[in-house]
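**Student:** Protein sequence lines correspond, in order, to chains C and H.
Going by numbering that gives the first Met the number 0, the first sequence opens with residue 0, and the numbers climb by one from there.
Going by numbering that gives the first Met the number 0, the second sequence opens with residue 0, and the numbers climb by one from there.
Beta carbons: idealized from backbone N, C-alpha and C, even for Gly.
Computed from a prediction, not measured in an experiment: that's the story for all the values here.
Number of protein chains: 2
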Amino acid sequence: MGESKASELSSLFLQDDLQENSTRLASGHPADIAAALQEIKPAPAWSILKEATRLRQADIFGYLDAGFQLRLAAVIPRADLAAIFVEMDADDRTDLYKHLSDQQREALMPALAHAEREDIRQLAAYEEGTAGAIMTSDYASLSPQLNATQAIEVLRREAPNKETIYRAYVLDTGRQLVGSVRLQDLITAPASVRVADLMERNTHAIRVNDDVEDAARKIARYDVIALPVIDAQERLVGIITHDDALDVMEAEATEDFQRIGTVTNLDSSVATATVPMLYRARIAWLMLLVFGNIFSGAGIAHFEDTIAAHLALMFFLPILIASGGNAGSQSATLMVRALATGDIRISDWGRVLGRELVVAILLGLSMAAAIAVIGVFRGGRDIAIVIALSMIVIVTVGSMIGMLLPFILSRFRMDPATASTPLVTSIADATGVLIYFSIAKALLSLP
Amino acid sequence: MGESKASELSSLFLQDDLQENSTRLASGHPADIAAALQEIKPAPAWSILKEATRLRQADIFGYLDAGFQLRLAAVIPRADLAAIFVEMDADDRTDLYKHLSDQQREALMPALAHAEREDIRQLAAYEEGTAGAIMTSDYASLSPQLNATQAIEVLRREAPNKETIYRAYVLDTGRQLVGSVRLQDLITAPASVRVADLMERNTHAIRVNDDVEDAARKIARYDVIALPVIDAQERLVGIITHDDALDVMEAEATEDFQRIGTVTNLDSSVATATVPMLYRARIAWLMLLVFGNIFSGAGIAHFEDTIAAHLALMFFLPILIASGGNAGSQSATLMVRALATGDIRISDWGRVLGRELVVAILLGLSMAAAIAVIGVFRGGRDIAIVIALSMIVIVTVGSMIGMLLPFILSRFRMDPATASTPLVTSIADATGVLIYFSIAKALLSLP
Numbered sequence: 000m001g002e003s004k005a006s007e008l009s010s011l012f013l014q015d016d017l018q019e020n021s022t023r024l025a026s027g028h029p030a031d032i033a034a035a036l037q038e039i040k041p042a043p044a045w046s047i048l049k050e051a052t053r054l055r056q057a058d059i060f061g062y063l064d065a066g067f068q069l070r071l072a073a074v075i076p077r078a079d080l081a082a083i084f085v086e087m088d089a090d091d092r093t094d095l096y097k098h099l100s101d102q103q104r105e106a107l108m109p110a111l112a113h114a115e116r117e118d119i120r121q122l123a124a125y126e127e128g129t130a131g132a133i134m135t136s137d138y139a140s141l142s143p144q145l146n147a148t149q150a151i152e153v154l155r156r157e158a159p160n161k162e163t164i165y166r167a168y169v170l171d172t173g174r175q176l177v178g179s180v181r182l183q184d185l186i187t188a189p190a191s192v193r194v195a196d197l198m199e200r201n202t203h204a205i206r207v208n209d210d211v212e213d214a215a216r217k218i219a220r221y222d223v224i225a226l227p228v229i230d231a232q233e234r235l236v237g238i239i240t241h242d243d244a245l246d247v248m249e250a251e252a253t254e255d256f257q258r259i260g261t262v263t264n265l266d267s268s269v270a271t272a273t274v275p276m277l278y279r280a281r282i283a284w285l286m287l288l289v290f291g292n293i294f295s296g297a298g299i300a301h302f303e304d305t306i307a308a309h310l311a312l313m314f315f316l317p318i319l320i321a322s323g324g325n326a327g328s329q330s331a332t333l334m335v336r337a338l339a340t341g342d343i344r345i346s347d348w349g350r351v352l353g354r355e356l357v358v359a360i361l362l363g364l365s366m367a368a369a370i371a372v373i374g375v376f377r378g379g380r381d382i383a384i385v386i387a388l389s390m391i392v393i394v395t396v397g398s399m400i401g402m403l404l405p406f407i408l409s410r411f412r413m414d415p416a417t418a419s420t421p422l423v424t425s426i427a428d429a430t431g432v433l434i435y436f437s438i439a440k441a442l443l444s445l446p
Numbered sequence: 000m001g002e003s004k005a006s007e008l009s010s011l012f013l014q015d016d017l018q019e020n021s022t023r024l025a026s027g028h029p030a031d032i033a034a035a036l037q038e039i040k041p042a043p044a045w046s047i048l049k050e051a052t053r054l055r056q057a058d059i060f061g062y063l064d065a066g067f068q069l070r071l072a073a074v075i076p077r078a079d080l081a082a083i084f085v086e087m088d089a090d091d092r093t094d095l096y097k098h099l100s101d102q103q104r105e106a107l108m109p110a111l112a113h114a115e116r117e118d119i120r121q122l123a124a125y126e127e128g129t130a131g132a133i134m135t136s137d138y139a140s141l142s143p144q145l146n147a148t149q150a151i152e153v154l155r156r157e158a159p160n161k162e163t164i165y166r167a168y169v170l171d172t173g174r175q176l177v178g179s180v181r182l183q184d185l186i187t188a189p190a191s192v193r194v195a196d197l198m199e200r201n202t203h204a205i206r207v208n209d210d211v212e213d214a215a216r217k218i219a220r221y222d223v224i225a226l227p228v229i230d231a232q233e234r235l236v237g238i239i240t241h242d243d244a245l246d247v248m249e250a251e252a253t254e255d256f257q258r259i260g261t262v263t264n265l266d267s268s269v270a271t272a273t274v275p276m277l278y279r280a281r282i283a284w285l286m287l288l289v290f291g292n293i294f295s296g297a298g299i300a301h302f303e304d305t306i307a308a309h310l311a312l313m314f315f316l317p318i319l320i321a322s323g324g325n326a327g328s329q330s331a332t333l334m335v336r337a338l339a340t341g342d343i344r345i346s347d348w349g350r351v352l353g354r355e356l357v358v359a360i361l362l363g364l365s366m367a368a369a370i371a372v373i374g375v376f377r378g379g380r381d382i383a384i385v386i387a388l389s390m391i392v393i394v395t396v397g398s399m400i401g402m403l404l405p406f407i408l409s410r411f412r413m414d415p416a417t418a419s420t421p422l423v424t425s426i427a428d429a430t431g432v433l434i435y436f437s438i439a440k441a442l443l444s445l446p
């Protein structure tokens, strides 16, 4: 559903009577209802939402943006909020908990059962960006001694509270993960076969402190519905589901895009970001790059006499320095994405370097040939030689900078995506100015 | 598993005896085994793979890259290949079929049952990029008249051949989609309740000719394991599973990254791409941008007298034109990604334009203030005024170009991601040269 459909639904909500809204609340997908409620102010949104069942309220609440959740939570009576909170999925609930103020937390916690309080405290303790921070404790587990019928019975009882029962995790008495079994296999197996004989032993798992992106990548690689999360003692502590993995991948790709475009910390969606948010996200890099480009300016100033003696050189300056930046930004973008998807690892830099050098020289030669033709017409043979030679060197150096920068940044534990196109361009520009005028000065015997 | 682990496994495969390799083939995850086999040449890879069971061979085959599948298919005896082909998932099989030569297809088809041949022909007929092209026909369907026990019995019988039985689609006698039911709900329901009373009626579906990215976005939005695909008569023709949606999203993000970095048609992974493949993917854009930058050069040449009269202007040229390009590339990247994720739609351009203008002017003012200080020191008050004024105009115009270009490209049915940073930079550069020297000429009364 696009935004216009959300607006449509929200105006229906505001116009119609309770009866019709109740039907709408009960039948629509929670994601659609959440999108519609977000178009309304929190107080009227709550007066609509309160007509739904608790479970439904909790489902819809889980689909709201973090910001709107907080504004809505502020207008919901404490008892209602606690009841919604209890019904929410463990991972959504923990996310909300993390965003609440200390005061709001204290108001909520007494309304919860001891086990739930402990669950929230434990889940909330994991650092952002780790598997622990996005996992849910709503997994189904089985003992290896059960037979297929008993196992199905256990799952049937637990089903309403679990995120997925399609794969159940088999735990020994110490809660250590020994395998996993698919509901599909339990159903098709003879009733008396034991879980231990049905389960897959080599269940892929991830450590609770591992990077959340590694978890998402494993889910993508092995096409699983969920990935179990284990602690240092190999005990099962949670699962990460395929839909959360998809969200992580999406968010990560968006973050990399923004890095590549030198936009920082834009937490909000672009559609709803305010002017101050956009200004803050953009100004730092722009300022930094201004000062980066002073080097190019200083380079030009340094060669002022060379330029004055041969103003025709200026005609080719934009073409030459832009080509270095463009070739570099191609290399950087390829490497940033390959590093992000795990296609290439940091230790591969040597293997990639040789190939990149060959490609860069070939690109430089082709572009030099093209530009030399224009050079002959505009400045004669000598100028043509200078710009052709400069083009080869500039494109090669630019490509090398673009290729290596993401690896160097990774090496110093910075995000490789910081090797944004504008950063690569700035460095390649300054280098290009020096290369061009140095070659010109040497070959044209200029001052 | 990273590449080093794949190489490790592949050398074990090559060293060890048949016995140990059989165990390895039977116990490892097909994705890992496929990665290891790809490190080996097709002939020895087949001599290893042929020790696995047919079903396992088919699973592993499905995880191989398209290129390696073809090379391997060329060395597998026809009868074996046909047997593997029969066991493959419908969607993987169709992908392979599309890549085969006419000769190979003719050799394979007689080995298949009539129903399978028809299935492949139908699936292969859908255009690339549509939901039909990635859907699978291995879905589970139920009649609404069945009760829960009967329904589970049907699913149990069909399970081995279906991609997922966790959600079964409820079809009326005309095969029209009337709802869907979760295995979870069938299991927890009393035995005599009918499917018609258990199913969700508002099942989200997608049309067979709809864009595959829309399908992926729906799966992400509604957190479903699979999305049903219907034809014009609302008949169910296939499903798209969550893992395929994830692959689509990943591939789409990679493609957008490459567009943003002006790399075209790099079908292979960056890790395995050859020098000619990389050269071809990069040269066209680089050449195009060379000629784009001729406009900047021509702009400078046009103002040669102005420059000669005031060479100090050259110092600020790189800073000013780069700032326009950088601000523009920020805007373009934000818009490209927002359009790709569906966060912003094409019709929203007017709504975003006003906000962008305000942000751009604020950014321009801040950067003008910073650069004016340097201007006073390097060139005096008049120069400072010229460059401050130029900065405001250039950053504002650059941002507008960057913001609008993706919308304009979309309007003309081109991929908005073609509004790459280098393209925006080239346009902003040429515009920046004109703005800067025009302002300088006017205010400094230069020739």
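Asn292 (chain C) touches chain H at which residues, Cβ-Cβ below 7 angstroms?
**Tutor:** Here the question's residue 292 (chain C) lines up with position 293 in the first sequence. Result: Pro317, Ile318, Ala321.
**Student:** Within 8 angstroms (strictly less), CB to CB, does Gln56 (chain C) reach chain H?
**Tutor:** Here residue 56 (chain C) corresponds to residue number 57 of the first sequence, with the count starting at 1. No, Gln56 (chain C) lies away from the interface with chain H (no Cβ there is under 8 angstroms from its Cβ).
**Student:** Against chain H, which members of the segment 158–171 of chain C pass a CB distance test of less than 8 angstroms?
**Tutor:** Ala158, Pro159, Ile164, Tyr165
**Student:** Taking Cβ-Cβ distances below 9 angstroms as the criterion, which residues of the segment 3–28 of chain H are in contact with chain C?
**Tutor:** Ser3, Ser26, Gly27, His28
**Student:** Between Lys40 (chain H) and Asp79 (chain H), how many whole angstroms is the CB-CB distance? I'm expecting something under 8 angstroms.
**Tutor:** Along the second sequence, one-based indexing puts residue 40 (chain H) at 41. Along the second sequence, one-based indexing puts residue 79 (chain H) at 80. So it is not a contact: roughly 18 angstroms between Cβ atoms.
**Student:** Flag Ala326 (chain C) as yes if its beta-carbon sits less than 8 angstroms from any beta-carbon of chain H, otherwise no.
**Tutor:** Here residue 326 (chain C) refers to the residue found at position 327 of the first sequence. Yes - at least one Cβ of chain H is within 8 angstroms of the one on Ala326 (chain C).
**Student:** Answer yes or no: does any C-beta atom of chain H fall closer than 8 angstroms to that of Tyr435 (chain C)?
**Tutor:** Against the first sequence, residue 435 (chain C) aligns to sequence position 436. For Tyr435 (chain C), no Cβ of chain H is located within less than 8 angstroms of the residue's own Cβ.
**Student:** On a CA-only basis, which of H:Ala283, H:Phe84, H:Leu408 is nearest Leu99 (chain H)? Give me that one, please.
**Tutor:** Indexing the second sequence from 1 puts residue 99 (chain H) at position 100. The shortest CA-to-CA distance from Leu99 (chain H) to any of H:Ala283, H:Phe84, H:Leu408 is the one to H:Phe84.
**Student:** Tell me, please, whether the CB atom of Ile386 (chain C) is closer than 8 angstroms to any CB atom in chain H?
**Tutor:** As a working mapping, residue 386 (chain C) is identified with position 387 in the first sequence. Not one chain H Cβ lies under 8 angstroms of Ile386 (chain C).
**Student:** Figure out for me which residue from H:Ser26, H:Ala34, H:Gln175 has the closest Cα to the Cα of Thr52 (chain H).
**Tutor:** Here residue 52 (chain H) refers to the residue found at position 53 of the second sequence. Nearest option by C-alpha distance: H:Ser26.
**Student:** Counting C-beta neighbours from all protein chains within 10 Å, is the total for Ser419 (chain C) 16 or more, i.e. buried, or is it exposed?
**Tutor:** As a working mapping, residue 419 (chain C) is identified with position 420 in the first sequence. When all chains shown are included, Ser419 (chain C) counts as buried.
**Student:** Examine chain H for any beta-carbon lying closer than 8 angstroms to the beta-carbon of Ser389 (chain C), and answer yes or no.
**Tutor:** Numbered from its first residue, the first sequence carries residue 389 (chain C) at position 390. No, because no Cβ of chain H sits closer than 8 angstroms to the Cβ of Ser389 (chain C).
**Student:** Does any C-beta atom of chain C lie closer than 8 angstroms to the C-beta of Phe256 (chain H)?
**Tutor:** Stepping through the second sequence from its first residue, residue 256 (chain H) is reached at position 257. Yes - at least one Cβ of chain C is within 8 angstroms of the one on Phe256 (chain H).
**Student:** Going by the DSSP bridge assignment, what does Gly178 (chain C) pair with across the sheet?
**Tutor:** Reading the first sequence from its first residue, position 179 is the one you call residue 178 (chain C). BP columns for Gly178 (chain C) point to C:Val169.
**Student:** Kindly indicate if chain C contains any beta-carbon less than 8 angstroms away from that of Asp94 (chain H).
**Tutor:** If you number the second sequence from 1, residue 94 (chain H) lands on position 95. Against chain C, the CB of Asp94 (chain H) has no partner CB under 8 angstroms away; the residue lies outside that interface.
**Student:** Look at Thr202 (chain H) and Ile224 (chain H) and say whether their C-beta atoms are less than 8 angstroms apart.
**Tutor:** By one-based count along the second sequence, residue 202 (chain H) stands at place 203. By one-based count along the second sequence, residue 224 (chain H) stands at place 225. It is not a contact, given that the beta carbons lie outside the stated cut-off.
**Student:** Mind pulling the chain H residues with CB within less than 7 angstroms of Val269 (chain C)?
**Tutor:** Sequence index remark: in the first sequence, residue 269 (chain C) carries index 270 (1-based). Here the neighbours are Leu333, Ala337, Asp342, Ile343.
**Student:** Can you tell me which of the three DSSP states Ala215 (chain C) falls into?
**Tutor:** Here residue 215 (chain C) refers to the residue found at position 216 when the first sequence is read from its first residue. Three-state DSSP puts Ala215 (chain C) in a helix.
**Student:** Considering only DSSP beta bridges, list what Thr129 (chain H) is partnered with.
**Tutor:** Taking the first residue of the second sequence as position 1, residue 129 (chain H) is located at position 130. Beta-bridge pairing links Thr129 (chain H) to H:Asp210.
**Student:** Taking Thr148 (chain H) as the reference, give the member of H:Met87, H:Val180, H:Leu185 with the closest Cα.
**Tutor:** As a first step, residue 148 (chain H) is located in the second sequence; it is residue number 149 there, counting from the start. When each option's Cα is compared against that of Thr148 (chain H), the closest is H:Leu185.
**Student:** From what residue to what residue does the beta strand (DSSP E) around Ile239 (chain C) run?
**Tutor:** Residue 239 (chain C) sits at position 240 when you count from the first residue of the first sequence. Element bounds for Ile239 (chain C): 235–240.
**Student:** Out of C:Thr417, C:Ile434, C:Met402, which has the shortest C-alpha to C-alpha gap to Ile393 (chain C)?
**Tutor:** The residue you call residue 393 (chain C) lines up with position 394 of the first sequence. When each option's Cα is compared against that of Ile393 (chain C), the closest is C:Ile434.
**Student:** How big is the Cα-Cα spacing for Leu388 (chain H) and Ala367 (chain H)?
**Tutor:** Against the second sequence, residue 388 (chain H) aligns to sequence position 389. Against the second sequence, residue 367 (chain H) aligns to sequence position 368. When rounded, the distance between both Cα atoms is 7 angstroms.
**Student:** Quick one: using the 10 Å Cβ neighbour count with 16 as the cut-off for buried, is Asn20 (chain C) buried or exposed?
**Tutor:** Here residue 20 (chain C) corresponds to residue number 21 of the first sequence, with the count starting at 1. Asn20 (chain C) comes out buried.
**Student:** Using 8 angstroms for Cβ pairs, my map puts Ser140 (chain C) next to Leu170 (chain C). What's the rounded Cβ distance?
**Tutor:** Translated into the one-based positions of the first sequence, residue 140 (chain C) becomes position 141. Translated into the one-based positions of the first sequence, residue 170 (chain C) becomes position 171. Yes, they are in contact, since the Cβ atoms of Ser140 (chain C) and Leu170 (chain C) sit about 5 angstroms apart, within 8 angstroms.
**Student:** Can you list, in chain order, the residues of its chain with a C-beta nearer than 6 angstroms to that of Tyr96 (chain H)? Leave out the 5 residues immediately preceding and following it.
**Tutor:** In the second sequence, the residue the question calls residue 96 (chain H) occupies position 97. Around Tyr96 (chain H): Ile119, Ala123.
**Student:** Between Met402 (chain C) and Val335 (chain C), how many whole angstroms is the CB-CB distance? I'm expecting something under 8 angstroms.
**Tutor:** Position 403 of the first sequence, counting from 1, holds the residue named residue 402 (chain C). Position 336 of the first sequence, counting from 1, holds the residue named residue 335 (chain C). Their Cβ separation, rounded to whole angstroms, is 10 angstroms, which puts Met402 (chain C) and Val335 (chain C) out of contact at 8 angstroms.
**Student:** Is the CB-CB distance between Ser328 (chain H) and Ala359 (chain H) below 8 angstroms?
**Tutor:** As a first step, residue 328 (chain H) is located in the second sequence; it is residue number 329 there, counting from the start. As a first step, residue 359 (chain H) is located in the second sequence; it is residue number 360 there, counting from the start. Not in contact: Ser328 (chain H) and Ala359 (chain H) (Cβ atoms no closer than 8 angstroms).
**Student:** Under 8 angstroms between C-beta atoms, does Pro189 (chain H) make it to chain C?
**Tutor:** The count along the second sequence starts at 1 and reaches residue 189 (chain H) at position 190. At least 8 angstroms separates the CB of Pro189 (chain H) from every CB of chain C.
**Student:** Please state whether DSSP places Val228 (chain H) in a helix, a strand or coil.
**Tutor:** Along the second sequence, one-based indexing puts residue 228 (chain H) at 229. Three-state DSSP puts Val228 (chain H) in a strand.
**Student:** So if I threshold CB-CB distances at 9 angstroms, which residues from the segment 189–211 of chain H count as touching chain C?
**Tutor:** Arg200, Asn201, His203
**Student:** Please classify Ala231 (chain H) as buried or exposed, where buried requires at least 16 other C-beta atoms within 10 Å of its C-beta.
**Tutor:** Position 232 of the second sequence holds residue 231 (chain H). So Ala231 (chain H) counts as exposed.
**Student:** Using a Cβ cut-off of 7 angstroms, pull out every chain H residue sitting near Val357 (chain C), in sequence order please.
**Tutor:** Position 358 of the first sequence holds residue 357 (chain C). What Val357 (chain C) touches in chain H: Val274.
**Student:** How long is the line joining the alpha carbons of Pro421 (chain C) and Gly260 (chain H), rounded to whole angstroms?
**Tutor:** One-based indexing of the first sequence puts residue 421 (chain C) at position 422. One-based indexing of the second sequence puts residue 260 (chain H) at position 261. Each residue's Cα considered, the two are about 11 angstroms apart.
**Student:** I need the straight-line Cα distance from Pro29 (chain C) to Phe12 (chain C), nearest angstrom please.
**Tutor:** As a first step, residue 29 (chain C) is located in the first sequence; it is residue number 30 there, counting from the start. As a first step, residue 12 (chain C) is located in the first sequence; it is residue number 13 there, counting from the start. Going from the Cα of Pro29 (chain C) to the Cα of Phe12 (chain C) covers about 14 angstroms.
**Student:** Mapping the DSSP letters down to three states, classify Ala139 (chain C) as helix, strand or coil.
**Tutor:** Position 140 of the first sequence, counted from the start, is the residue given in the question as residue 139 (chain C). Note: Ala139 (chain C) maps to strand in three-state DSSP.
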